[in-house]
Structure formats: C-alpha cells, structure tokens
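Chemist: For the record, the sequence lines run as chains F and D. Position 138 of the first sequence, counted from 1, bears residue number 129 in our numbering, the numbering being contiguous throughout. Our numbering runs 64 ahead of the 1-based position in the second sequence. Cβ atoms here follow ideal geometry from the backbone N, Cα and C, with glycine treated the same way. Keep in mind it's a predicted model, so treat the numbers as computed, not measured. Please read through the structure below; I'll follow up with questions.
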Amino acid sequence: MMQETHKDMPQDIRRDKVIHLINSVIEKVGAADEISREHIYEELRSLHDIIESTRADINATRAGDISGKHIPNATDELDAVVLATEAATGTIMDSCDALTSYADKMNPDQKDFMLGEVTKILEACSFQDITGQRITKVVKSLKIIDEKISSLMKVLGDKLPAHLSSTSSDDDDDRVGDQRLLNGPQMPDKAISQSDIDKLLADLF
Amino acid sequence: MTVDKNMNVLIVDDYKTMLRIIGNLLKQLGFSHVDEATDGSMALEMFKSKTYGLVISDWNMEPMSGLDLLKHVRALPTNNNVPFVMVTAESKTENVIAAKQAGVSNYIVKPFNAETLKAKLVSVLGEF
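Okay, here's the thing in structure tokens:
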C-alpha cells in the first residue's frame, strides 16, 4: 500500500502533524544527549516536506491571479454593465420625453393612451437603478475579497515561489482551437470599432 | 384642501435615471416646478435659496444619505415641516423604523409604479 503523502492529507490533519513534529523536535533537542542527530534531522525533514507541500497547494490556487487578474476583470465587466444599461436607459427615456411632447398634438383619448404607455415604460426603466445598486454591492464585495487576498500575499511575501507574486498572462487559458475565440463582449476601451472592422475586412479581402 | 401644484418639489437621488423617472412622473401628475439634487448635502444647499413644498429622496447616497438629509431638514429653522417621502431599495423593518423616527412622511420601496407614487403623494399632500 502506498504511503499517504503530505499533499494528500486534509488540512487539519496536516496542521496536527506539524504541531506534533515541532513538539517532538523540541523534546528531542532538550534531551540531546540521548537522541541521535539523525532522529532530529528526520523530523525536521518531515516538517520541511509539509511546508513545501503547503506551498504547492497555495501555488495551485494561483492567488496572484485571483487578486491581480480575475477580480479586476470581474469588477471591470460589472462596471461596464452599469454604464451600458445607464446609457440605454437614457436613450429610452429621451424617446419617452419626445413621445410626451408629441402627445400634446393628439386628441384627448390618444394623448391619455400615449401618456399611459409612456408611464409604463418609465416605471420599467427603474430596473436600471435597482440592478445598478445590486451590481455596486457585488463590486464592493469583490473588492473586499481582493484586499484580503492582497494582504495574504503581502504576509507570505518572498516566502512564496516567485511566480506566485506576479500575475500570469492568458497562458492559463486551457481552451483549445476556436473555443479560445469565445470571450464575450469586449470592454469598450479594448474593443475595436465597426469602422476598424470594416477596414480590416477590406484589407483582408 | 387643494394641493398647489406650482409648489417647489425637490427630488434627491444619485441615479440620474431615477431623477428623470420621478421628474417625468411628477410632471404627468401636474407638478411643474421640480428641482433635482444628487445627494443630501446638495439638497440641503438648495434649501438655503428656496422653500420647498415636497421632498422625494433616495436613502443610499454619498456623501450625505437620505436619512441624514431628513434629519437635517427637520432641524432647519424654517421649512422644517416639509412633507418628506423616502423612495428607496432599503426595505428592512429597521430602515422604515429609523426613517419614521427621523420624521419621514411616507416611504416608497423601489421598484415602484406611478400609481404607488401618486397614492403616497395624496397621503402626504391631500387629494389632487
């Protein structure tokens, strides 16, 4: 039967083992005359292995990416949703204003009908306020998580492997082929315009 | 009692969309003098130059919230009994209680419709 590695151990068992090993080393150092250096070395070696496997676990979570890339991306996307819905709602309401003004030229029945429908549109537009507030709450929560992870990264500092303290590029995208082309709507500052696309197509064909 | 639809009305909300929605609904109800502010401190400044007959305010705004605005308005030397309607997404019991204790005249939970707005305004101003 294969021996269980430190990496396979649940976190709480691993923590108990660390405490046990530290106590054992302290005890043996205290009774150094009776215990061989090899025993102490073996236990220190076990401690070292546990610390290394813990580092590997942290490595696997890509904490630097969460704080440096994924959370900023998520907050940017949500901010873009708020801006886009706000702009669209503004356009709808401009049309409502135009319809309200035009209603003055109608007969009373038509005017009542028009204003009634415009009122329904205005009521529906309040979704933008509610969704905006909800998204703002989510963005705040994400920023708190970001701060917590950043603090953790600072505490661990140079004790982590070098690649953990910096963010990776898109190389962690494990999709292949055409799947890599599906990235959803681009952020306004990163998207290319329709005229750029037209120009690109004209150049290509 | 007849309601003077020429009274000055102040709407306070940090979302421009909501200012426009409430403003348009008020116009449809016949109120023609409607001012807008985007937070409590801006609204309070506007009280220095005008007397208002109605305030409709959001709660969640910065730097001064709707609740703080309400408390400041109620502490003004004049115009402190102006009808004050809170229009907010904050719908917990403790919010309503806090607003009531601060002297709110009525409370509308977002999202709301024109019918609800009119009903609440009638309750604080009288039939119109």
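1) Quick one: list the residues of chain F neighbouring alanine 178(D), beta-carbon separation under 8 Å, in chain order.
2) Nearest chain D C-beta to glutamine 101(F) closer than 8 Å, yes or no?
3) I'd like the span of the alpha helix (DSSP H) that includes leucine 191(F), first residue to last.
4) Which two residues bound the contiguous alpha helix (DSSP H) that contains leucine 173(F)?
5) Alpha carbons only, please: which of Val9(F), Asp56(F), Ser117(F) is nearest the one belonging to aspartate 40(F)?
6) Return the Cβ separation of isoleucine 140(F) and isoleucine 49(F) in integer angstroms, given the expectation that the two are a contact with Cβ distance under 8 Å.
7) Just tell me which of His30(F), Glu33(F), Arg5(F), Ile31(F) has its CA closest to the CA of arginine 46(F).
8) Would you say glutamine 92(D) lies against chain F (beta-carbon separation less than 8 Å)?
9) Glutamine 177(F) versus chain D: which residues are under 9 Å apart at the beta carbon?
10) Which residues in the same chain have their Cβ closer than 8 Å to the Cβ of asparagine 143(D), if we skip the five residues on either side of it in sequence?
11) With burial defined as no fewer than 16 other Cβ atoms inside 10 Å of the residue's Cβ, what is the status of arginine 166(F): buried or exposed?
12) First and last residue of the alpha helix (DSSP H) that includes valine 67(D)?
13) Can we say the region 168 to 186 of chain D touches the region 145 to 158 of chain D, given the rule of at least three CB pairs closer than 8 Å?
14) Note down, in chain order, all residues in the region 117 to 138 of chain F with a beta-carbon under 8 Å from any beta-carbon belonging to chain B.
15) Compare the beta carbon distance of methionine 128(D) and serine 105(D) with 8 Å and say whether it is the shorter of the two.
16) Would you call the region 119 to 128 of chain D and the region 85 to 105 of chain D in contact, with 3 or more CB pairs under 8 Å?
17) Using a beta-carbon distance below 8 Å, is glutamate 77(F) in contact with chain D?
18) Output yes if chain F places a C-beta closer than 8 Å to the C-beta of threonine 81(D); else output no.
19) Run the CB neighbour count on methionine -7(F), radius 10 Å, all protein chains shown included, and call it buried at 16 or more, exposed below.
20) So with CB distances below 8 Å, who are the chain D contacts of threonine 80(F)?
21) Is leucine 134(D) near glycine 167(D), with beta carbons less than 8 Å apart?
22) Rounded to whole angstroms, what's the CA-CA distance from valine 20(F) to glutamate 43(F)? Just pull it up for me.
23) What span of residues does the beta strand (DSSP E) with glutamate 100(D) cover, start to end?
24) Would the beta-carbon of lysine 174(D) fall within 8 Å of that of isoleucine 188(F)?
25) Are the CB atoms of tyrosine 79(D) and glycine 123(F) nearer to each other than 8 Å?
26) Enumerate in chain order the residues of its own chain whose CB-to-CB distance from aspartate 77(D) is below 6 Å, with the five nearest sequence positions on each side excluded.
27) Taking a Cβ distance cut-off of 8 Å, strictly less, list which residues of the region 151 to 170 of chain D are near chain F, in chain order.
28) If you run the structure through DSSP and keep just helix, strand and coil, what is asparagine 144(D)?
29) So, for asparagine 70(D): in the same chain, excluding its five sequence neighbours on each side, which residues have a beta-carbon less than 7 Å away from its beta-carbon?
30) State whether the region 65 to 75 of chain F contacts the region 173 to 180 of chain F, with contact taken as three or more CB pairs (one from each stretch) at a distance under 8 Å.
31) Give a yes or no on whether 8 Å exceeds the smallest Cβ distance from proline 175(D) to chain F.
32) Given a cut-off of 8 Å, decide if alanine 115(F) and lysine 102(F) are closer than it, judged by their beta-carbon atoms.
33) Does leucine 69(F) get closer than 8 Å to chain D when you measure Cβ to Cβ?
Modeler: The answer reads as follows:
1) Thr110, Leu113, Glu114
2) no
3) Where leucine 191(F) is concerned, the enclosing alpha helix (DSSP H) stretches over 185 to 195.
4) Leucine 173(F) -> no alpha helix (DSSP H), and no H or E assigned at all.
5) Ranking Val9(F), Asp56(F), Ser117(F) by Cα distance to aspartate 40(F) puts Val9(F) first.
6) About 11 Å; that fails the 8 Å criterion.
7) Arg5(F)
8) yes
9) Chain D residues near glutamine 177(F): none, gap ~25 Å exceeds 9 Å.
10) Phe111, Thr115, Tyr116, Val137
11) Counting Cβ neighbours within 10 Å, arginine 166(F) comes out exposed, since fewer than 16 surround it.
12) That residue, valine 67(D), is in no alpha helix (DSSP H); it is neither H nor E in DSSP.
13) yes
14) Note that chain B does not occur in the displayed structure, where the protein chains are F and D.
15) yes
16) yes
17) yes
18) yes
19) Low confidence applies to methionine -7(F): its pLDDT is 47, below 50, so where it sits in the model is not reliable, and the reading given next is rough at best. By the neighbour-count rule (16 or more Cβ atoms within 10 Å), methionine -7(F) is not buried but exposed.
20) Thr81, listed in chain order.
21) yes
22) Computed Cα separation, rounded: 23 Å.
23) 97 to 101
24) No.
25) yes
26) Leu83, Asp122
27) Ala153
28) If DSSP states are grouped into helix, strand and coil, asparagine 144(D) belongs with coil.
29) Contacts found: Ser96, His97.
30) yes
31) yes
32) no
33) no
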